[in-house]
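**Q** Dropping the structure in here first, questions after.
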Amino acid sequence: MTAIPHRETTDLMTLGCGIGLHREHFEAVLEGRPEVRWFELISENFMAEGGRPRHVLDTVRQQYPVALHGVSLSLGSDEPIDPAYLDRLAALVEHVEPVIVSDHLCWTRLGAHNSHDLLPLPFTEEAVDVAAAKIRRVQERVGRRMLVENVSTYLRYRDSTMSEWEFVAAVAEAADCGLLLDINNVYVNGRNHGFDPQEYLDGLPVARVGQFHVAGHQDQGDVILDTHDRPVADEVWDLFGAAIRRFGPLPTILERDDDIPPLAVVQEEAARAQEILDAAGRR
Amino acid sequence: MPPAAVEPRPEVATLGEAAPARPTLRELQERFLAGLREEEGGDALPEAGAFLAPPRGSAGDRWRVYREAYRLRLIEANGNDHPATARIVGPAAFDRLIRRYLAVHPPASHDINRAGARLAKYLPGDPLTEKLPFLPDLAGFEQALADAVVAADPRPQTREEVAAIDPDVLFEGPLALASGAAFCASEWPLGALWELRDQPDEEVALAVEGRPAQVVVFRDGLAVRWRDADTDEATLLAAAGRGENLANLLDSGAFGPPEEAAPRLIVTFLRLVESSILRAPQPD
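Quick note, the sequences are listed as chains A and B, same order.
In terms of numbering that gives the first Met the number 0, the first sequence opens at residue 0 and continues consecutively.
In terms of numbering that gives the first Met the number 0, the second sequence opens at residue 0 and continues consecutively.
Structure, rendered in C-alpha cells:
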C-alpha cells in the first residue's frame, strides 16, 4: 500500500488543539475545509479496504495533520496481540503517516470475545509487565513510539499494589512509550476513587507525556461517567491548566464523541482550549 | 480537597491459615468477561470481593455500570447496521433480541461495526423468528448493505475489456461477485421491509406473504445501491454464488433454447459486469 502524498513535516508543538473526526461532521469537513488545526481519528473506523471511510480518510489526510487513536489493541490483556489486527494497524500507519499513534492503557478483549469497552486493569507488577511487553511489540511493528492513554474507571481491584499514577509511570518506563494524558479521565477517576488529581499529575514523568485529551462527563452523584457528551466542566479546565503548567502546552484534542453538536460548536470549545495553550506558551 | 487515596489493603493471614492466592491477571480478565456476558448471575466478581468499596455507592453498582454499558453499546451498534429489523420489532424487543444474540455470539472482531455480522445466522433459532419469519433474510440483506459500505472499491470493467478476454477463460472461469456486491433471494419482500426503517410507528405494517424478492446489492462509486434482479440476472447471480461459469449456464437451458441462450446470457452478463455487480473471469 503506497502512502498518500505527505504534507510537510509537522512540528508537534505547533499542533495546538484539534478535535476528533466523527461521521456527523464528514460532510462539513469534506466540503467546507473548516479551520481545524488537526484531527484525531479512531483507527478501527478507518481500517476498511475501501468505500466512504477510506475516501474520507484520504481526503482529510491530504488537508490536515491526523493522529490515529485506537481502541482495540487491548494492551493489558494477558494474551498476544492479534497479529492480523496489528498488521492492519501497521498498514494504516504506513498509509496515513499520522503525527501521533496512540491507544489505551486498558484491556478490551480476551480470546474470541471483544467487549468493545475500555476495561480497568489491576495496578500490579504483572499487569505492568504484560502491558509493557505488548506496547514494545506494537512500537516495533509500526516502527515508531506510541502514546498510551490513561482510561476512566469505575472500579478498583482489591489486589492492586500501587496507585494508578505509579502504574501508568511504570508502564511508560518499561515500554519506553509516551503518554496521552486524558485530563477528564484523571478528574473522573479522582472523584470516583477518592484521590487528588494534582497528586496524579505530579506522579507522572514530565518527559513521557506527549499529548492531552479534554472532554466532558456526567455527574450522577455516586459515580461520574466519562461520557464525552457535553462541554468540558470548569474543574477539568482548571486541571488542564495545571497539566500545562507541569507538562507544557502539548498537542491537545477536544473530545466530543456522543450527542455530537454541529461542528462550529465543537470548534468553539476547541478554541477555548487553544486560548489556554496560547496563554501558557506566552509565559 | 478530595479525600486521600483509598489504598488497597493487603490480605492478612490468621495463624495457621494460608492467605488466599491472588488471582492471576488472566483469571481476573476471564471472570470479568464472563460477568459481562452472563444475563443471569453475572455479579460473581463483585460478590467475591474482587473490587474495593468506592467512596460513594457500592462496588456492585459500579460493576453494573460496566454490564449495562456493554449491552447498550452493542445494542446501538447492532441497531446501526440493522435499522429495519430494529424498527419492525420495536426498541424493547430489539433490546431483548440483541441480549439473547450476544449471549450466544459475543463480539469477536476488533471492529464494533461487525458485532451484528452473525445476527442473520443466529435468527432462525430465536423465538422472535417464529412470529416474524422474515427476520433472518432481512438481517442478511441489511448486513449485505453494511458490508458494501466498507468493501474495497470495485474496479469497473467495460465491455471492451470483457471482449478482450480469451473466450476459454471467459466461459470456463468461475463467475464471481464484484467487491461489495451481494445477491439476496428470499420468499419475503426484502426491499419493502427495508423501507420500513424510516416509517413512523403507525405505518410499520406490511403484507409479507406471497411476495418473494430477488435483490442485488452493489456499489456505485462510494454509494451503496440495491434493486430487484430480473429473472435472468437472478439466474446468473445464483450461479455465481455456486461458483459456476458461463458455459455451465449455456448448457443448463436456463436462458432458453440454444439459439436464444448465448445472446440472452451475454447481454445479462455484460450488464452486471458494467454495473460492478459481477467480475468477469480473469486469466490466472
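All residues carry an ideal CB built from backbone N, CA and C; glycine is no exception.
Fully enclosed by the stretch 228-279 of chain A, which alpha helix (DSSP H) runs are 4 residues long or longer?
**A** 233-246
**Q** Any C-beta of chain B sitting closer than 8 Å to the C-beta of W236(A)?
**A** The sequence position of residue 236(A) within the first sequence is 237, counting from 1. No, W236(A) lies away from the interface with chain B (no Cβ there is under 8 Å from its Cβ).
**Q** What first and last residue would you give for the alpha helix (DSSP H) that runs through F93(B)?
**A** Along the second sequence, read from residue 1 onward, the residue named residue 93(B) stands at position 94. First-last of the alpha helix (DSSP H) with F93(B): 90-103.
**Q** Would T1(A) count as contacting chain B if we go by Cβ distances under 8 Å?
**A** Here residue 1(A) refers to the residue found at position 2 when the first sequence is read from its first residue. Only weak support is given to the placement of T1(A): the predicted model assigns it a pLDDT of 41, under 50, and the value that follows is read from those uncertain coordinates. So no, T1(A) is outside the interface.
**Q** Taking the straight line between their C-alpha atoms, what separation do you get for S275(B) and A180(B)?
**A** Taking the first residue of the second sequence as 1, we reach residue 275(B) at position 276. Taking the first residue of the second sequence as 1, we reach residue 180(B) at position 181. Each residue's Cα considered, the two are about 8 Å apart.
**Q** Compute the Euclidean distance between the alpha carbons of A168(A) and A222(B), then round it to the nearest angstrom.
**A** Taking the first sequence and counting its residues from 1, the one referred to as residue 168(A) is at position 169. Taking the second sequence and counting its residues from 1, the one referred to as residue 222(B) is at position 223. When rounded, the distance between both Cα atoms is 47 Å.
**Q** Is there a C-beta anywhere in chain B that falls below 8 Å from the one on D225(A)?
**A** Along the first sequence, read from residue 1 onward, the residue named residue 225(A) stands at position 226. No, no contact with chain B.
**Q** Note down the Cα distance separating V264(A) from P230(A), rounded to an integer number of angstroms.
**A** Here residue 264(A) is taken as the residue at index 265 of the first sequence, counted from 1. Here residue 230(A) is taken as the residue at index 231 of the first sequence, counted from 1. Answer to the nearest angstrom: the Cα atoms are 10 Å apart.
**Q** Between the alpha carbons of A131(A) and G34(B), how many angstroms are there, rounded?
**A** Within the first sequence, residue 131(A) is the residue found at index 132, counting from 1. Within the second sequence, residue 34(B) is the residue found at index 35, counting from 1. Between A131(A) and G34(B), the C-alpha separation is close to 26 Å.
**Q** Inspect the beta-carbon positions of S151(A) and Y69(B) and report whether they are closer than 8 Å.
**A** For the purposes of this step, residue 151(A) is taken as the residue at position 152 of the first sequence. For the purposes of this step, residue 69(B) is taken as the residue at position 70 of the second sequence. By the CB criterion at 8 Å, S151(A) and Y69(B) fall outside the cutoff.
**Q** Output yes if chain A places a C-beta closer than 8 Å to the C-beta of S108(B); else output no.
**A** The sequence position of residue 108(B) within the second sequence is 109, counting from 1. With 8 Å as the cut-off, S108(B) counts as an interface residue toward chain A.
**Q** Using a threshold of 7 Å, is the CB atom of A184(B) nearer than that to any non-hydrogen atom of the ligand MN?
**A** What this structure holds is no ligand at all, so the ligand MN is not there to describe.
**Q** Any beta-carbon of chain B closer than 8 Å to the one on N149(A)?
**A** Taking the first residue of the first sequence as position 1, residue 149(A) is located at position 150. No, its Cβ sits nowhere closer than 8 Å to a Cβ of chain B.
**Q** So which residues on chain A does L221(B) lean against when the C-beta distance must stay under 7 Å?
**A** To locate residue 221(B), count along the second sequence from 1; it is residue 222. Ordered by position in chain A, the residues that pass the 7 Å Cβ test against L221(B) are G50, R51, H54.
**Q** Using a beta-carbon distance below 8 Å, is E267(A) in contact with chain B?
**A** On the first sequence, position 268 is the one that residue 267(A) refers to. Not one chain B Cβ lies under 8 Å of E267(A).
**Q** Looking only at its chain, what residues have a beta carbon closer than 8 Å to the beta carbon of G110(A), apart from the 5 residues adjacent to it on each side?
**A** By 1-based counting over the first sequence, the position of residue 110(A) is 111. If we look at G110(A) and ignore the five residues flanking it on each side, its Cβ neighbours are E78.
**Q** Give me the DSSP bridge partner(s) of A175(B).
**A** Numbered from its first residue, the second sequence carries residue 175(B) at position 176. Per DSSP, R278(B).
**Q** Looking at F182(B) and A228(B), is the spacing between their C-beta atoms short of 8 Å?
**A** As a position in the second sequence, residue 228(B) is number 229, starting the count at 1. As a position in the second sequence, residue 182(B) is number 183, starting the count at 1. Yes, these two residues count as a Cβ contact at 8 Å.
**Q** In whole angstroms, what is the alpha-carbon distance linking R154(B) and T234(B)?
**A** Locating residue 154(B) in the second sequence gives position 155, counting from the first residue. Locating residue 234(B) in the second sequence gives position 235, counting from the first residue. Each residue's alpha carbon lies about 23 Å from the other.
**Q** Using the Cβ count rule (16 or more neighbours within 10 Å means buried), how would you classify A272(A)?
**A** Walking along the first sequence from the start, residue 272(A) turns up at place 273. Buried, because 16 or more other Cβ atoms sit within 10 Å of the Cβ of A272(A).
**Q** Please list, in chain order, the residues of the stretch 160-184 of chain B that have any C-beta partner in chain A closer than 9 Å.
**A** Only those residues of the stretch 160-184 of chain B whose C-beta falls short of 9 Å from the nearest C-beta of chain A are listed: S178, G179.
**Q** Between which two residues does the alpha helix (DSSP H) carrying E29(B) extend?
**A** Here residue 29(B) refers to the residue found at position 30 of the second sequence. It spans 24-36 - the alpha helix (DSSP H) in which E29(B) sits, taken as one unbroken run.
**Q** List, in order along the chain, the chain A residues whose C-beta lies closer than 9 Å to that of I74(B)?
**A** Taking the first residue of the second sequence as 1, we reach residue 74(B) at position 75. Simply none; closest approach about 12 Å.
**Q** Restricting to Cα atoms, I'd like to know which of D219(B), G56(B), G124(B), E46(B) is closest to Q219(A).
**A** Taking the first sequence and counting its residues from 1, one reaches residue 219(A) at position 220. When each option's Cα is compared against that of Q219(A), the closest is G56(B).
**Q** Quick one: complete alpha helix (DSSP H) runs, 4+ long, within the stretch 127-207 of chain A?
**A** 163-174, 182-192, 196-201
**Q** Go through its chain and collect everything with a Cβ distance to R207(A)'s Cβ below 7 Å, but skip five positions before and after it.
**A** Working through the first sequence from its first residue, we reach residue 207(A) at position 208. Within its own chain, the residues whose Cβ lies closer than 7 Å to the Cβ of R207(A), once the five positions on either side in sequence are excluded, are A171, G177, L178, listed in chain order.
**Q** Contact criterion: CB-CB distance below 8 Å. Does N184(A) meet it with respect to chain B?
**A** By 1-based counting over the first sequence, the position of residue 184(A) is 185. So, not an interface residue.
**Q** Compare the C-alpha of S42(A) against each of Q266(A), H94(A), H227(A) and name the closest.
**A** One-based indexing of the first sequence puts residue 42(A) at position 43. It is H94(A).
**Q** In the DSSP output, what is D102(A) paired with across the bridge?
**A** Against the first sequence, residue 102(A) aligns to sequence position 103. DSSP lists V147(A) as partners of D102(A).
**Q** Can you list, in chain order, the residues of its chain with a C-beta nearer than 6 Å to that of F268(B)? Leave out the 5 residues immediately preceding and following it.
**A** For the purposes of this step, residue 268(B) is taken as the residue at position 269 of the second sequence. Excluding sequence neighbours, F268(B) sits near nothing in its chain.
**Q** Using C-beta distances below 7 Å, list every residue in its chain close to A52(B), excluding the 5 sequence neighbours before and after it, in chain order.
**A** If you number the second sequence from 1, residue 52(B) lands on position 53. Counting only Cβ-Cβ distances below 7 Å, and skipping sequence neighbours, we find A58.
**Q** Which class does H50(B) belong to by DSSP, given the choice of helix, strand or coil?
**A** Here residue 50(B) is taken as the residue at index 51 of the second sequence, counted from 1. It is Phe, not His, that sits at residue 50(B) in the sequence shown. Reduced to three states, the DSSP call for F50(B) is strand.
**Q** Between E165(A), G215(A), E23(A), which has its C-alpha nearest D181(A)'s C-alpha?
**A** By 1-based counting over the first sequence, the position of residue 181(A) is 182. The candidate whose alpha carbon is nearest that of D181(A) is G215(A).
**Q** Interface residues of chain A around I111(B) at Cβ under 7 Å?
**A** Stepping through the second sequence from its first residue, residue 111(B) is reached at position 112. Chain A residues near I111(B): H115.
**Q** Would P105(B) count as contacting chain A if we go by Cβ distances under 8 Å?
**A** The count along the second sequence starts at 1 and reaches residue 105(B) at position 106. Taking Cβ atoms only, chain A reaches closer than 8 Å to P105(B), which makes this a yes.
**Q** According to a CB-to-CB cut-off of less than 8 Å, which residues of the stretch 25-43 of chain B neighbour chain A?
**A** Here the close residues are R25, L27, Q28, E29, F31, L32, L35, R36.
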